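Working notes, beginning with the structure itself.
Residue numbers (UniProt numbering): 1 to 653.
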């Protein structure tokens, strides 16, 4: 006997909106026709009321295929069933099954289900399918704040920060109230889009009283840090009524990544007084600050803490240690950490490659790069930045060209601005400036300040006025407030004895209200870190330091060892006055401070915020021989290992 079951009438949807229950109703009518008797014992014989439970059970057990097979038998899947199916597709990384579930979900009348729409957007985001996520967002009529947040998150992860900010403005215009998650996603979108709208969003956060939420304010600290607004980040941090480990870590990272390592250490010590145990993220930032300072003894203490607290199995921590030891001049200790790693990801390999690079061991860097590939680890864009930089420091021009060509041919990595900047630097240092200029001319992407800056720096080394003027014109347009570009051009004019042009550049600096970055050198003595600047009247030993430098300078000059290189002084002054200025350079002050305060035979380790000038380089070489001391200086580009009157860079830097 056949029976027809009537369903009750359904409410009419709003004008222009498809009835979300229409497909569900059609399925109810069609499946109501069936034999009134029958007793099959196949999978189809599971009672209708148990289908959803069985599908959910399969999903929880990770049996997605079985769940989908049973889904085709279930006439009335529930919302929870589809929720688990969506999560299961994500866990199984099955995009094909995700599309199947999505189609079935629409057929069963759940297309306008706000809860499932949120889950679908998150799922498609996990599959890097922003088009499918956008399709779900566009078709849902009742967009809850959860749907907006899910789509903001998906767009931000896909790198579409501009679209997030546009939608955020639209959301505010139609009266949708943000919640605490909205602000975190929109703040992150500012970073992705490189659009500094974070202050405007900060104002929204205060207006709607979300400034007490730790997660939002921590994100705000991170965003201010990424835009270089250290003072604003500090203000946010200091005004937070409550702080957790993530907040402290964000502030430490802010200082560490913005050239304020001493402040990073101060915050770390303050955090420890609050009896908060640092986690792996915190330790990575502190180790990076230690690397910036070149504080080897502090680094060893941190390494001990990492070992005692079981953080030595976490790859980012170990990679940071490799870099830290290398940047503190203890390359062999960094290699030891690298060799003891049970597992190495591409970040660990990059750390080792760049470590060899900054020490001038270009061949070892290339060898490590090739070893990485043999171990089945695919190079990343950063891998090529590291190995090309190593070639540049070692003067390995042909090897660098071959590696650059292999990026696309062998690894399908399209060169970015950073890679072109490395090539320009490689060719420029080798005095192949015309070829470097041709590379810039043939670039398919906008060169940007990094590429032009590499060319200008190379012109400084080889005193090429014509190319320097060309590069500086573009840099003045791209970075009108970067005083370093003006100083480099003035250096080149000064070396070419073009004093009128030097005066013009100095007037331009003054007119724009720009100031040259002062030289600053850091030195660690007895586990304490000291900072010395070119104009330093704070250090209590400053008179003793100047006296020692004058004494050493006079003795080496009398022995015919040292002749001050006054060409680098930009001012048209008497020679005696130029020599006095040279003796006040921060790295010379740091060397003298090390000689006074360290034990005889101990290496002197110095880090400097600028490129080592020619006079300081010559002076330090002679001091290492005259005093029989090992001196390690890390400038902004690389390491210089001075011993017995010779530098590891071979005077190529």
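Think of the CB as a built atom: it goes at the ideal place given N, C-alpha and C, for glycine as much as any other residue.
Predicted, not measured: the structure shown is a model, and the values here were computed from it.
Let's test the definition: count the other Cβ atoms within 10 Å of the Cβ of residue 231 and tell me whether it reaches 16, buried, or not, exposed. Counting the other CB atoms within 10 Å of its CB gives residue 231 a total below 16, which places it among the exposed residues.
When you compare the CB positions of residue 372 and residue 349, do they come within less than 8 angstroms of one another, or not? Contact check for residue 372 against residue 349 passes: the beta carbons are separated by less than 8 angstroms.
Secondary structure of residue 569, DSSP reduced to three states: Here residue 569 sits in coil by DSSP.
Report the rounded CA-to-CA distance for residue 314 versus residue 288, giving the unit in angstroms. Answer to the nearest angstrom: the Cα atoms are 15 angstroms apart.
Just tell me which of 430, 110, 432 and 484 has its CA closest to the CA of residue 450. Nearest of 430, 110, 432 and 484 to residue 450, Cα basis: 484.
Alpha-carbon to alpha-carbon, residue 341 and residue 398: Answer to the nearest angstrom: the Cα atoms are 32 angstroms apart.
What number of angstroms, rounded off, separates the C-alpha of residue 337 from the C-alpha of residue 330? If I take the Cα positions, the gap works out to 11 angstroms.
Three-state secondary structure assigned by DSSP to residue 100: Reduced to three states, the DSSP call for residue 100 is helix.
Below 8 angstroms on the Cβ atoms is my contact criterion, and I expect residue 227 with residue 196 to pass it. Report the Cβ-Cβ distance as a whole number of Å. About 6 angstroms; that satisfies the 8 angstroms criterion.
Using a Cβ-Cβ cutoff of less than 7 angstroms, which residues in the same chain neighbour residue 515 once the five nearest sequence positions on both sides are dropped? Result list for residue 515: 483, in chain order.
Between 459, 505, 492 and 497, which has its C-alpha nearest residue 476's C-alpha? Residue nearest to residue 476 within the set 459, 505, 492 and 497 is 505 (criterion: CA-CA distance).
Reduced DSSP category for residue 139 - H, G, I as helix; E, B as strand; rest coil: Of the three classes helix, strand and coil, the one that applies to residue 139 here is helix, per DSSP.
Quick check on the DSSP output: the beta strand (DSSP E) that includes residue 520 runs from which residue to which? Residue range 520-525 is occupied by the beta strand (DSSP E) that includes residue 520.
What does residue 119 pair with, by DSSP beta-bridge criteria? The bridge partners DSSP lists for residue 119 come to none.
Alpha carbon to alpha carbon, how far is residue 383 from residue 203? Give it in angstroms, no decimals. Their backbone Cα atoms lie some 40 angstroms apart in a straight line.
Suppose the cutoff is 6 angstroms on Cβ atoms and the five residues either side in sequence are ignored; what does the same chain contact list for residue 561 look like? Cβ neighbours of residue 561 beyond the five flanking positions: 622.
Between which two residues does the beta strand (DSSP E) holding residue 605 run? Taken as a continuous stretch (DSSP letters only), the beta strand (DSSP E) holding residue 605 covers 604-608.
Could you tell me if residue 655 is buried or exposed, where buried requires 16 or more neighbouring beta carbons within 10 angstroms of its beta carbon? For the chain, the structure presents residues 1 to 653; residue 655 sits outside this window and is missing.
Selected residue, minimal CA-CA separation from residue 107, among 497, 78 and 88: For the residues 497, 78 and 88, the minimum Cα distance to residue 107 belongs to 78.
Would the region 580-594 and the region 232-245 be scored as touching if the rule is three or more Cβ pairs under 8 angstroms? Touching, no, given that fewer than three Cβ pairs across the two stretches are closer than 8 angstroms.
Rounding to the nearest angstrom, what Cα-Cα distance links residue 555 and residue 645 in this structure? Those two C-alpha atoms are separated by around 16 angstroms.
Mapping DSSP to helix, strand and coil, what is residue 634? Residue 634 falls in the strand class under three-state DSSP.
Go ahead and pull the three-state DSSP assignment for residue 194. Reduced to three states, the DSSP call for residue 194 is coil.
How far does the beta strand (DSSP E) with residue 112 in it extend, from its first residue to its last? For residue 112, there is no enclosing beta strand (DSSP E), as DSSP marks it with neither H nor E.
Between residue 119 and residue 51, what straight-line distance do the alpha-carbon atoms span, to the nearest angstrom? Approximately 22 angstroms between the Cα atoms of the pair.
Among 75, 459, 81 and 76, which residue has its Cα nearest to the Cα of residue 59? Ranking 75, 459, 81 and 76 by Cα distance to residue 59 puts 81 first.
Please state whether DSSP places residue 647 in a helix, a strand or coil. Strand.
Classify residue 409 as helix, strand or coil using the three-state DSSP reduction. Three-state DSSP puts residue 409 in a helix.
Just list the alpha helix (DSSP H) runs in the UniProt repeat "PPR" (244-278), keeping only unbroken ones of 4 residues or longer that don't cross its boundaries, in chain order. You should have 245-257 and 261-273.
Take every Cβ of the region 596-611, pair it with every Cβ of the region 562-580, and state whether three or more of those distances are shorter than 8 angstroms. No, the region 596-611 is not in contact with the region 562-580.
State the Cα-Cα distance for the pair residue 528 and residue 298, rounded to the nearest angstrom. Between the alpha carbons of residue 528 and residue 298 lies a gap of roughly 8 angstroms.
Using DSSP's beta-bridge definition, name the partner residues of residue 585. In DSSP, residue 585 forms no bridge with anything.
Within its chain, find whatever has a CB closer than 6 angstroms to the CB of residue 592; leave out the 5 residues flanking it on each side and keep chain order. Excluding the 5 residues flanking it on each side, residue 592 has same chain C-beta neighbours closer than 6 angstroms at 545, 548 and 549, in chain order.
Whose C-alpha, out of 54, 272 and 292, is nearest the C-alpha of residue 258? Nearest C-alpha to residue 258: 292.
DSSP-derived helix/strand/coil call for residue 534: Look at residue 534 here: in three-state DSSP terms it is coil, with no helix or strand label.
Taking just the CA atoms, how far does residue 254 sit from residue 210? Looking at the two C-alpha atoms, the distance is approximately 22 angstroms.
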